[in-house]
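Q:
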Amino acid sequence: MSVYHRPEEDEAGERDEFVVADLGPEPYAPEQPGGEAVGPECNGTGRRPASRKCFNFTCCKSQRVTDSAGEGSPPAKEKKREWAWLGLCYVLLSCAFFSVTSLLVKKVEDIHSLEISGIRCLFQGLFTWPAVIYNELDMLGPKGQRGLVCMRGILGASAMMLIFYAIQQMPMADATVILISNPVFVSIFAWIFLKEKCNWWDPILIIFTLTGVVLIVRPRFIFGSVDSGSEFDYMGRVRGTLAAFAGAVCAALTLIVIRKMGKSVSYLISIWYYSMTGMIMSAIAVSIIQEWRLPNCGMDRVFLILIGVFGVLGQIFLTKALQIEKAGPVALMKTTEVMMAFLLQYLFLNYTPTWWSLGGAFCVTVGTAGVAIRKWYSTTRKTKETIGKPRNTTEI
């Protein structure tokens, strides 16, 4: 259950904080009539880069970059509308895969969450490695950025291990609700580390989100003994809430690090580091606590394989969605993962959420959606203002 974001600037120069993965370099411009192809120089040699196939990590086939404009092509508006709907469908598929992954983590009770995290990273690495080799990328990352890439891997892997632990300790939907609150923390860390501006809406949205977390955990020094469950259930929910909260913070810090790296690091290298770091950290942690267990024959092994496969598919569809859709609508659509988690929890785990949990989910969803809408509106407005400004072409 992981997300990978890339920094992307709009025409106003403001970075979008919800973009998931670096989608690679821009394609070269098509050849002009009577001239040569327009493209950057290769390694300072002055030679034009050789024509090559454009590999899409989310597709099975490679394809050449061609000019899609031509006779018989649909109008631009119709194309844009079609791709917008397709992008939102990809987000829904991504949410579905991530929700099923969480359900399977909850079903596998005999395997520690740290070991499950290592298996998840193993599958992700197996999917990423061929793409890294095909694109001839340096597996260590570009020089000067390796420290940040390593930090991104550590924070991303920590977020995944924490959220898997939270899912095993508390109701699955409650852990999912707390995890999706990470955009709120992104705003805080962007203000602290990237010196980005905040307005008066941000404190309100933060309070809404924290109120939702309090309603989910229901600490006894505030609510008293409102639970009919045992002391073990209550302490498990407290541990799960703390782990999910820490996972959301790590996920938010991951976004800050990726935005700091910029476009100089391919998203494939970012995912590769995340996978390798996650496997190493999981192996060390499980060895320390001595929780190595061989999965039971039967459904447990099937569930572990599906956790790896569905986690990778969820990331692929999320990356694909952000290739053709703006980050604002994607962030809003991601909140549907909360509803899916509650539904799967009710259907397959026979767990009926309390009104406190539903109220907490509502507060967290409102806070997260508010951040996405505010950012989307702010970026769109500044982009329009920049486009509407007359350019100063006077040479001094």
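The working numbering numbers the first residue of the sequence shown as 35 and each following residue consecutively.
Here a beta-carbon is modelled for each residue, glycine too, at the ideal position from N, C-alpha and C.
For A280, which residues in the same chain have their Cβ closer than 6 Å to its Cβ, ignoring the five residues on either side in sequence?
A: The residues are L196.
Q: For my contact list, V372 and A403 are in at a C-beta cut-off of 8 Å; report their separation, rounded to the angstrom.
A: About 10 Å; that fails the 8 Å criterion.
Q: Note down the Cα distance separating S304 from F223, rounded to an integer number of angstroms.
A: Their Cα atoms are separated by approximately 20 Å.
Q: Which same chain residues end up closer than 6 Å to H146 when comparing Cβ atoms and leaving out the 5 residues on each side of it in sequence?
A: So the list reads E325, once near-sequence residues are dropped.
Q: Going by C-alpha distance, which of G190, F351 and F382 is nearest T311?
A: Of the listed residues, the one whose Cα sits closest to T311 is G190.
Q: Would you kindly work out how many angstroms separate the C-alpha atoms of N233 and G362, rounded to a whole number?
A: Approximately 18 Å between the Cα atoms of the pair.
Q: To which residues of the same chain is S298 closer than 7 Å at the C-beta, ignoring the five residues directly before and after it?
A: These residues qualify, in order along the chain: P176 and Q179.
Q: In the DSSP assignment, the alpha helix (DSSP H) including G190 goes from what residue to what residue?
A: Here the alpha helix (DSSP H) through G190 covers R180 to Q203.
Q: Where does R86 land, buried or exposed, given buried means 16+ other C-beta within 10 angstroms?
A: Confidence at R86 is low in this model, with a pLDDT of 46, below 50, so the placement of that residue is unreliable and no value is reported for it.
Q: Going straight from the alpha carbon of W390 to that of M173, what length do you get?
A: Going from the Cα of W390 to the Cα of M173 covers about 47 Å.
Q: Just how far apart, CA to CA, sit D50 and K409?
A: Any reading at D50 needs caution, since the residue's pLDDT is 46, under 50, leaving its predicted position unreliable; the model's value is listed next. One C-alpha to the other measures close to 8 Å.
Q: If we count Cβ pairs, one from each stretch, closer than 8 Å, do we get three or more for the stretch 130-150 versus the stretch 333-350?
A: Touching, per the Cβ criterion.
Q: If you run the structure through DSSP and keep just helix, strand and coil, what is Y385?
A: In the structure shown, Y385 sits in coil (DSSP, three-state: anything other than H, G, I, E or B).
Q: Determine the direct distance from the alpha carbon of L213 to that of M206, and round the result to whole angstroms.
A: For M206 and L213, the distance between alpha carbons rounds to 11 Å.
Q: Classify S321: buried if its beta carbon has 16 or more other beta carbons within 10 angstroms, exposed otherwise.
A: Classification of S321: exposed, given that the 10 Å Cβ count is below 16.
Q: Do you know whose CA, among L160, A317 and L352, lies nearest C129's CA?
A: Nearest of L160, A317 and L352 to C129, Cα basis: L352.
Q: I'd like to check one pair, S192 with C123: are the Cβ atoms closer than 8 Å?
A: It is not a contact, given that the beta carbons lie outside the stated cut-off.
Q: Taking the alpha-carbon positions, what's the M333 to Y308 distance?
A: Using only the alpha carbons, I get a separation of about 28 Å.
Q: Report buried or exposed for F337, applying the criterion of at least 16 other Cβ atoms within 10 angstroms of its Cβ.
A: Buried, by the Cβ-count rule.
Q: Taking the C-alpha atoms as reference points, what is the distance between V220 and R186?
A: Roughly 14 Å separates the two Cα atoms.
Q: In whole angstroms, give me the CA-to-CA distance for F242 and R335.
A: Approximately 40 Å, taken between the alpha carbons.
Q: Should D267 be labelled buried (16 or more other beta-carbon atoms within 10 Å of its own) or exposed?
A: D267 should be labelled exposed.
Q: If you reduce the DSSP assignment to three classes, tell me which class P176 lands in.
A: Residue state, collapsed to three classes: coil.
Q: Does the Cβ of C331 have 16 or more other Cβ atoms within 10 Å, making it buried, or fewer, making it exposed?
A: Exposed, since its Cβ has fewer than 16 Cβ neighbours within 10 Å.
Q: Need the endpoints of the alpha helix (DSSP H) that K354 sits in, please.
A: M333 to I358 is the extent of the alpha helix (DSSP H) around K354.
Q: On the DSSP letters alone, give me the boundaries of the alpha helix (DSSP H) that W235 sits inside.
A: Unbroken alpha helix (DSSP H) run through W235: W235 to V251.
Q: Looking only at its chain, what residues have a beta carbon closer than 6 Å to the beta carbon of R273, apart from the 5 residues adjacent to it on each side?
A: The residues are Q203.
Q: Report all residues from its chain with a CB closer than 7 Å to the CB of T399; omit the five preceding and five following residues, and keep chain order.
A: Only T369 and V372 meet the Cβ criterion.
Q: Got a sec, what are the start and stop residues for the alpha helix (DSSP H) V142 sits in?
A: It is not in any alpha helix (DSSP H) - V142 carries neither H nor E in the DSSP assignment.
Q: Which same chain residues end up closer than 6 Å to A200 when comparing Cβ atoms and leaving out the 5 residues on each side of it in sequence?
A: If we look at A200 and ignore the five residues flanking it on each side, its Cβ neighbours are A209, G274, A277 and A278.
Q: For S215, which residues of its own chain have a beta-carbon under 8 Å away from its beta-carbon, when the five flanking residues on both sides are left out?
A: Answer for S215: T243, G246, V247, A282, V398, G401 and T402, listed in chain order.
Q: What are the boundary residues of the alpha helix (DSSP H) that L213 is part of?
A: M206 to L213 is the span of the alpha helix (DSSP H), which, as asked, contains L213.
Q: If we count the other Cβ atoms within 10 Å of its Cβ and call it buried at 16 or more, is W306 buried or exposed?
A: Buried is the call here.
Q: Can you check whether the CB of V142 is closer than 8 Å to the CB of V364?
A: No, the Cβ-Cβ distance between V364 and V142 is not below 8 Å.
Q: Using the three-state DSSP reduction, which class does S298 fall into: helix, strand or coil?
A: Three-state DSSP puts S298 in a helix.
Q: Does the separation of the CB atoms of M194 and R254 fall below 8 Å?
A: Going by C-beta atoms, M194 is not nearer than 8 Å to R254.
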